[in-house]
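One structure below.
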Ligand SMILES: [Zn+2]
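Below you can see the structure in the form of structure tokens.
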């Protein structure tokens, strides 16, 4: 395999990048100064080696705990549960949510073999329980409004019931089948403001 084939194959594995785009990117890089490719390669290695899940909320971070968990101005009584760490920037961009997060690491998908043990549900229950009275007041479930996201929300509600914490679900402002990641700020703010108790 040639170096060109190698890179095209690797790039084609990325989401939304087909073989044609991969070829275009590869030839683009070949026309750039070698330093450009070196910086890209170094950024990829650093990303893979340094970024890891936050020990508290599973958001991605280069430290033991992420910037949100260590921010003393955040409301520690509120936890917003999202499927992926990539959902967090969408909510953060609105500047309206001041609580903490919990990244599930996906959603329940029995057909794809994703069960509760593959998600961070147990860690969430532990987090809520460890807070005790005066700790976590409310868990806002912000899983995507698709079938699997809804099933996951119901499962979380069941698991959190013994803790006595209030559990709410984002309002139906979000487009059905739409990903939180791509929702606009106004829609997210409305969905949080109009959240309903589960
Ligand atoms: Zn965190």
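In this note's numbering, the protein residues as written are 455 to 652.
Here a beta-carbon is modelled for each residue, glycine too, at the ideal position from N, C-alpha and C.
Just so we're clear, the structure is a prediction, and the values are computed from it rather than from any experiment.
Per-residue DSSP class, three states only, for residue 522: coil
Is DSSP giving residue 582 helix, strand or coil here? helix
Any idea what DSSP makes of residue 630, helix, strand or coil? With a pLDDT of 48 at residue 630, under the threshold of 50, the modelled position of this residue cannot be trusted; read the value that follows with caution. Three-state result, residue 630: coil.
Using the rule of at least 16 other Cβ atoms within 10 Å of the residue's Cβ for burial, across every protein chain shown, is residue 556 buried or exposed? buried
Compute every distance between the C-beta of residue 555 and the non-hydrogen atoms of ligand 1, then say whether any falls below 8 Å. yes
Quick check: residue 534 and residue 646, are their CB atoms within less than 9 Å of each other? yes
What separation, rounded to the nearest whole angstrom, lies between the Cα atoms of residue 472 and residue 528? 41 Å
For residue 539 and residue 509, I'd like the C-alpha separation in whole angstroms. 13 Å
With respect to the beta strand (DSSP E) encompassing residue 505, which residues constitute its N-terminal and C-terminal limits? Looking at the DSSP string, residue 505 is not in any beta strand (DSSP E), and its letter there is neither H nor E.
Can you tell me whether residue 458 is buried or exposed, with buried defined as 16 or more other CB within 10 angstroms of its CB? exposed
As assigned by DSSP and simplified to three states, the class of residue 494: helix
How would you write the range of the alpha helix (DSSP H) that residue 475 sits in, first residue to last? 473-485
Measuring only the C-alpha atoms, how far is residue 652 from residue 482? 51 Å
Under the three-state DSSP convention, the category residue 555 falls into: strand
Is residue 458 near ligand 1 - that is, is its Cβ less than 8 Å away from at least one heavy atom of it? no
Any chance the CB of residue 574 is under 8 Å from a heavy atom of ligand 1? no
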